[in-house]
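In the UniProt record's numbering, the protein residues as written are 1 to 397.
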């Protein structure tokens, strides 16, 4: 039937299909922004504070102006690749998220004060003061945590099928570097220095390398060329590559001397024992339209000795289901950022089987989920520190 439609009919049908989706998106955006900005507005300016009229009006005008500009800044920044607009929008998102969170908690505390007999305006002003002090403190601390070179997190993982010759193999995991609108070239050099101090046998990057094209983030990615590993430097794509020129990043990582495990594997051998190091594309790759980009465990393991243990790189913890089905021994993932800004981790857990750390998903298969080495969007990390992970693999013996 579609083949019989005229060009005009086909062109007309697409807006009809998109119309309801656009309308739903608009309603959802309006409700979300209304809550994110409205709750802090009420808490800080209209919740029984009895501020002078000029203060309440000025605060309201400020919030309305920001909420009106925010969508434009976000779309111009991340859709139009305007780094300045992206920096402003991302920072505003982080600030309003913290204000919203503590305004909600502040309203609950106000109920306790009400029950204790504290009257307005004192009650509301106490809550307003606490919200502002706590939010300011968390944002300052969270920004420092986001911008600092990540701490090293050391983890030992026992793999029963690992040969004794590979006992003590040192795997350094970095992920979610998200080179983006904020210039972090110095930070990237610092991360490389830390990695090189860890005497790694394997260094793995499990994706979301950047928000932007290779040309935009060339200087920040450059230190990856200096990363040292005794046996292999391996990389897989994350979901953000498919918004930032995935083919360019795959090629660039190869040019920097890394092996891109695009649904394939390499074998690492030491003292007579071997380990298959495999990688699969991110689970969103199949919808990118790039030929051959999809999650394909069969291709990744093709030709591998089934008796050998397998270390799998897969960007999202959710990919563990297929890892279990294919008998993977250990999957390394990122993507979650450990929640990045509390209490966002509750939302992350609705989509992912693990937030951070080591978890077991079958008798054979384990998953390690990194909190991420960089950050996405808001330049804050609150109760979710970044990490460079040093995994020491141990044989059962």
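Even glycine gets a Cβ: it sits at the ideal position worked out from N, Cα and C.
These numbers come from a predicted model, not from an experiment.
If one requires a minimum length of 4 residues, the alpha helix (DSSP H) runs lying completely within the stretch 173-241 are 185-196, 218-221, in chain order.
Assignment of residue 92 by DSSP, reduced to helix, strand and coil, places it in the helix class.
Listed in chain order, the beta strand (DSSP E) runs fully inside the stretch 100-188 are 151-159, 169-174, counting runs of at least 3 residues. When the beta-carbon positions are compared, residue 253 and residue 235 come within less than 9 Å of each other. In the DSSP assignment, no residue is bridged to residue 81. For residue 360, the CB contacts under 7 Å within the same chain, skipping 5 residues up- and downstream, are 366 in chain order.
Burial state of residue 193 is exposed, judged by a 10 Å Cβ sphere holding fewer than 16 other Cβ atoms.
Bridge partners of residue 331 according to DSSP: 312, 367. In this structure, residue 33 sits near residue 70, with a CB-CB distance shorter than 9 Å.
Residue 298 carries a helical assignment under DSSP once its states are collapsed to helix, strand and coil. When secondary structure is reduced to three states using DSSP, residue 43 falls in the helix class. Spanning the alpha carbons of residue 65 and residue 377 requires a straight line of approximately 21 Å. In terms of CA proximity to residue 224, 174 leads the group 247, 132, 174, 285.
In the structure shown, residue 62 adopts helical secondary structure according to DSSP, grouped into three states. In this structure residue 150 does not touch residue 336 by the C-beta definition: roughly 15 Å separates them, more than the 8 Å allowed.
The DSSP-derived three-state label of residue 50 is coil. Under the Cβ criterion (8 Å, minimum of three pairs), the stretch 200-209 counts as touching the stretch 165-182. The shortest C-alpha to C-alpha distance from residue 327 to any of 310, 110, 284, 123 is the one to 310.
When only Cα atoms are considered, residue 63 and residue 41 end up about 7 Å apart.
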